[in-house]
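Asker: Plus 3 on top of the position in the sequence shown (first one is 1) and you've got our numbering.
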Amino acid sequence: MISSGRMFCVLICSTLSLALTSSLHAQSRRDSVRNPNSPVFKNYRPPVTAPLLEQSDATYQMWQGFRVLQEANAGDPVSQFELSIRYLTGRGFKADTVKAAYWTESAANKNHLLARYNLAIFQLNGWGTGWNPFEAFRNFHIIAEKNIREGQYILAQLYLENLIVPKNTGEAYRWMKLAADSGYAPARESLKDFERRGFGSGSSASTALSSIDTSASQRGTIQLQFLTFNDDTIKTPADSVLVEDGLKAGALSGSGQLQSAFESVVRASGKVFTDTVGLGALHFAAELGSAEALTLLGRQYERGPAGVQDAVRAAYYYVRAIRLDSPRAARLLIEVLQQKEFFTKLKARVGAGQPEALVTWSGLVALGFDRQLTDAQALQMLERAAAQNFPQALIELGICYNTARWVRQNTKKAEELWRRAASIGSREAEVRLAIASVRGSKKNPGAAVGVLADAAKSGSVLAEFALAYCFETGAGVQRSWGEAARLYRSSAQRGSQDAYRALERMYDILRPKEKEFRIVE
Numbered sequence: 004m005i006s007s008g009r010m011f012c013v014l015i016c017s018t019l020s021l022a023l024t025s026s027l028h029a030q031s032r033r034d035s036v037r038n039p040n041s042p043v044f045k046n047y048r049p050p051v052t053a054p055l056l057e058q059s060d061a062t063y064q065m066w067q068g069f070r071v072l073q074e075a076n077a078g079d080p081v082s083q084f085e086l087s088i089r090y091l092t093g094r095g096f097k098a099d100t101v102k103a104a105y106w107t108e109s110a111a112n113k114n115h116l117l118a119r120y121n122l123a124i125f126q127l128n129g130w131g132t133g134w135n136p137f138e139a140f141r142n143f144h145i146i147a148e149k150n151i152r153e154g155q156y157i158l159a160q161l162y163l164e165n166l167i168v169p170k171n172t173g174e175a176y177r178w179m180k181l182a183a184d185s186g187y188a189p190a191r192e193s194l195k196d197f198e199r200r201g202f203g204s205g206s207s208a209s210t211a212l213s214s215i216d217t218s219a220s221q222r223g224t225i226q227l228q229f230l231t232f233n234d235d236t237i238k239t240p241a242d243s244v245l246v247e248d249g250l251k252a253g254a255l256s257g258s259g260q261l262q263s264a265f266e267s268v269v270r271a272s273g274k275v276f277t278d279t280v281g282l283g284a285l286h287f288a289a290e291l292g293s294a295e296a297l298t299l300l301g302r303q304y305e306r307g308p309a310g311v312q313d314a315v316r317a318a319y320y321y322v323r324a325i326r327l328d329s330p331r332a333a334r335l336l337i338e339v340l341q342q343k344e345f346f347t348k349l350k351a352r353v354g355a356g357q358p359e360a361l362v363t364w365s366g367l368v369a370l371g372f373d374r375q376l377t378d379a380q381a382l383q384m385l386e387r388a389a390a391q392n393f394p395q396a397l398i399e400l401g402i403c404y405n406t407a408r409w410v411r412q413n414t415k416k417a418e419e420l421w422r423r424a425a426s427i428g429s430r431e432a433e434v435r436l437a438i439a440s441v442r443g444s445k446k447n448p449g450a451a452v453g454v455l456a457d458a459a460k461s462g463s464v465l466a467e468f469a470l471a472y473c474f475e476t477g478a479g480v481q482r483s484w485g486e487a488a489r490l491y492r493s494s495a496q497r498g499s500q501d502a503y504r505a506l507e508r509m510y511d512i513l514r515p516k517e518k519e520f521r522i523v524e
């Protein structure tokens, strides 16, 4: 028991303690008002002198990547697919296309459908693996049969190219319709074009892949190039069609300059209008080597910018466009040649020694559109224009010496003529000199490849074709058949028959012996 004395002492102490506590609490309230930042009070918070630290996204991605890598190595196809995307996009790992392709193939071999789709894309483009369009076709066929609409859409396009398998419009239509019926918007648009062209009437790149989710319900959009030569090139195209050709060419070649040039001649109403600015933009693109710009320039001079028609100048641009494999310029040139008094006007200008007219008539003979002159007379016209330092005459005369047309072959003379043209500002001449360098015996064609790359980026179909040759053969660049095929395909889509033949050659080298891949000429 506690004695009364001790109890009294405890009570006194408790009372004093409560009083002291109450006093201190009251004092603290008063002091906290006077000095709220004093560290002795409970409401005190130290001033923030540095930001709070949180786990970085890079750290999180590395940790997640480590876990995915463990599961992928254990053989889990879902983890293998996710790991491939991580290597492709650089999430948690250094971006590595080769490793992305490896893990994509690992998952595809375990029947992961989206991985098989991505593998087909890798194979079709030669990304991180060898370029093999035939294996890509097999994989696209498998996933198309599994009702993956993107695979059906691509398979339909491949059935039209006559490169991997024989062209089969019935199969193309069947697969395109399946993709369209599943709600795939690109397939719906393509199906309209198929039906317009009569198909089915008697039958039924790193950012692209990274946008594909690991779930089957969310799939990204793959931007691919397919060869769909237009069957309407025998008809006279509207000006708007020529502009559309230029815009598509800019998209195919990745040339912002070319796209800007064609955008400058389209009014907000959608009508083609070539004022001084528009014509200047077209001239700039034409001199860079755009067959599309040359064709539209010819059309504008045929129709008459600012009301002034000039059929001879129109023919000059059409001839140059045909030289660069324009698929439409020949039809337009024929219409100009059929105009009354055309040759009367042409002869008058030739008689006056106008270099543009001299080059035009010589070109008509070279292309087989006119037989009024002998080959010798056509050559003399080129020489007369070249003597005036007319750039296009120097270029054409150089082509004669390079290809042994009308003269004995003399590549040294050809290059001398092109250097003269380049010295007075001809971009086409620079491109032809670069081509001569990469195709010749020059030990270091790297500078020439740079010229071709810049010109191709500016819209030159000639440079684009030559750059494809560099990647095919390894001239001045690391050999890449995937990149060569992409560039050849772009050039072929723009009308280059040489590019299409180069594609055929590359496909034939890899062509399997199976019957389904056999293409009969």
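For glycine and all other residues, C-beta sits at the position ideal for the given N, C-alpha and C.
(1) To which residues of the same chain is V79 closer than 7 Å at the C-beta, ignoring the five residues directly before and after it?
(2) Could you give the first and the last residue of the continuous alpha helix (DSSP H) run that contains T107?
(3) Which two residues bound the contiguous alpha helix (DSSP H) that contains G356?
(4) How many whole angstroms separate the CB atoms of L506 and L72, which I take to be in contact at a CB cut-off of 8 Å?
(5) Buried or exposed: V368, going by 16 or more other Cβ atoms within 10 Å of its Cβ?
(6) Alpha carbon to alpha carbon, how far is D248 from L255? Give it in angstroms, no decimals.
(7) When DSSP labels each residue in this structure, what does W409 get in the three-state scheme?
(8) What are the start and end residues of the alpha helix (DSSP H) that includes G253?
(9) Quick one: give me the first and last residue of the alpha helix (DSSP H) that K415 is part of.
(10) Count the C-beta pairs between the region 145-158 and the region 175-182 that are closer than 8 Å, then say yes if the count reaches three, no if not.
(11) Counting only the same chain and skipping the five closest in sequence on each side, list residues whose C-beta sits under 6 Å from that of K518.
(12) Shortest alpha-carbon distance to A147 belongs to which of L300, A379, Y162, R521?
(13) Have a look at R89 and K102 and give me their C-alpha separation to the nearest angstrom.
(14) Out of A104, L335, P330, which has the shortest C-alpha to C-alpha gap to Y319?
(15) Is I398 near A424, with beta carbons less than 9 Å apart?
(16) In whole angstroms, give me the CA-to-CA distance for G301 and D184.
(17) Rounded to a whole number of angstroms, what is the C-alpha to C-alpha distance between G131 and P358?
(18) Taking just the CA atoms, how far does G401 sit from E419?
(19) If we call anything under 9 Å between Cβ atoms a contact, is V464 one with L327?
(20) Once you ignore the five residues that flank F287 on each side, which residues in its own chain have a CB closer than 7 Å to its CB?
(21) If I'm right that A448 touches A487 with Cβ under 8 Å, what's the distance once you round it to whole angstroms?
(22) Where E290 and R442 are concerned, what is the direct C-alpha to C-alpha distance, given to the nearest angstrom?
(23) Just to check my reading of the structure: D511 and F468 have Cβ atoms closer than 8 Å, yes? What is that Cβ distance to the nearest angstrom?
(24) Just the C-alpha distance for Q262 and A252, rounded to the nearest angstrom, thanks.
(25) Please confirm whether P394 and S365 have their CB atoms less than 9 Å apart.
(26) Helix, strand or coil: how does DSSP classify S429 here?
Answerer: Inspection of the coordinates gives the following:
(1) To locate residue 79, count along the sequence shown from 1; it is residue 76. The residue you asked about is not Val; residue 79 is Asp in the sequence shown. No residues qualify anywhere along the chain.
(2) If you number the sequence shown from 1, residue 107 lands on position 104. T107 -> alpha helix (DSSP H) spans 100-111.
(3) Numbered from 1 along the sequence shown, position 353 holds the residue referred to as residue 356. Premise fails: G356 is in no alpha helix (DSSP H) and is neither H nor E.
(4) Numbered from its first residue, the sequence shown carries residue 506 at position 503. Numbered from its first residue, the sequence shown carries residue 72 at position 69. About 39 Å separates the two Cβ atoms, so there is no contact after all.
(5) Along the sequence shown, read from residue 1 onward, the residue named residue 368 stands at position 365. So V368 counts as buried.
(6) As a first step, residue 255 must be located in the sequence shown, where it is residue number 252. As a first step, residue 248 must be located in the sequence shown, where it is residue number 245. Rounded to the nearest angstrom, the two C-alpha atoms are 10 Å apart.
(7) Here residue 409 corresponds to residue number 406 of the sequence shown, with the count starting at 1. Note: W409 maps to coil in three-state DSSP.
(8) Residue mapping note: residue 253 aligns to position 250 of the sequence shown, counting from 1. Note, G253: alpha helix (DSSP H), 242-256.
(9) Start at 1 with the first residue of the sequence shown, and residue 415 comes out as number 412. Where K415 is concerned, the enclosing alpha helix (DSSP H) stretches over 414-426.
(10) yes
(11) Taking the sequence shown and counting its residues from 1, the one referred to as residue 518 is at position 515. Excluding residues within five positions, none has a Cβ falling inside 6 Å.
(12) As a first step, residue 147 must be located in the sequence shown, where it is residue number 144. Comparing Cα positions, the closest option is Y162.
(13) Here residue 89 is taken as the residue at index 86 of the sequence shown, counted from 1. Here residue 102 is taken as the residue at index 99 of the sequence shown, counted from 1. Each residue's Cα considered, the two are about 10 Å apart.
(14) Translated into positions along the sequence shown, residue 319 becomes position 316. When only C-alpha atoms are compared, the closest one is L335.
(15) Taking the sequence shown and counting its residues from 1, the one referred to as residue 398 is at position 395. Taking the sequence shown and counting its residues from 1, the one referred to as residue 424 is at position 421. Yes. Within cutoff.
(16) As a working mapping, residue 301 is identified with position 298 in the sequence shown. As a working mapping, residue 184 is identified with position 181 in the sequence shown. If I take the Cα positions, the gap works out to 42 Å.
(17) Within the sequence shown, the letter at position 128 stands for residue 131. Within the sequence shown, the letter at position 355 stands for residue 358. Roughly 51 Å separates the two Cα atoms.
(18) The residue labelled residue 419 in the question sits at position 416 within the sequence shown. The residue labelled residue 401 in the question sits at position 398 within the sequence shown. Answer to the nearest angstrom: the Cα atoms are 8 Å apart.
(19) To locate residue 464, count along the sequence shown from 1; it is residue 461. To locate residue 327, count along the sequence shown from 1; it is residue 324. Taking 9 Å as the Cβ cut-off, V464 and L327 qualify as a contacting pair.
(20) Indexing the sequence shown from 1 puts residue 287 at position 284. A264.
(21) For the purposes of this step, residue 448 is taken as the residue at position 445 of the sequence shown. For the purposes of this step, residue 487 is taken as the residue at position 484 of the sequence shown. What sits at residue 448 in the sequence shown is Pro, not Ala. Between A487 and P448 the Cβ distance is about 16 Å, and since that is not below 8 Å, they are no contact.
(22) In the sequence shown, residue 290 corresponds to position 287, counting from 1. In the sequence shown, residue 442 corresponds to position 439, counting from 1. About 23 Å.
(23) Walking along the sequence shown from the start, residue 511 turns up at place 508. Walking along the sequence shown from the start, residue 468 turns up at place 465. With 8 Å as the limit, D511 and F468 do not qualify as a contact, their Cβ atoms being about 19 Å apart.
(24) For this step, residue 262 is matched to residue 259 along the sequence shown. For this step, residue 252 is matched to residue 249 along the sequence shown. One C-alpha to the other measures close to 8 Å.
(25) Stepping through the sequence shown from its first residue, residue 394 is reached at position 391. Stepping through the sequence shown from its first residue, residue 365 is reached at position 362. Not in contact: P394 and S365 (Cβ atoms no closer than 9 Å).
(26) If you number the sequence shown from 1, residue 429 lands on position 426. The answer is coil: DSSP assigns S429 none of H, G, I, E or B.
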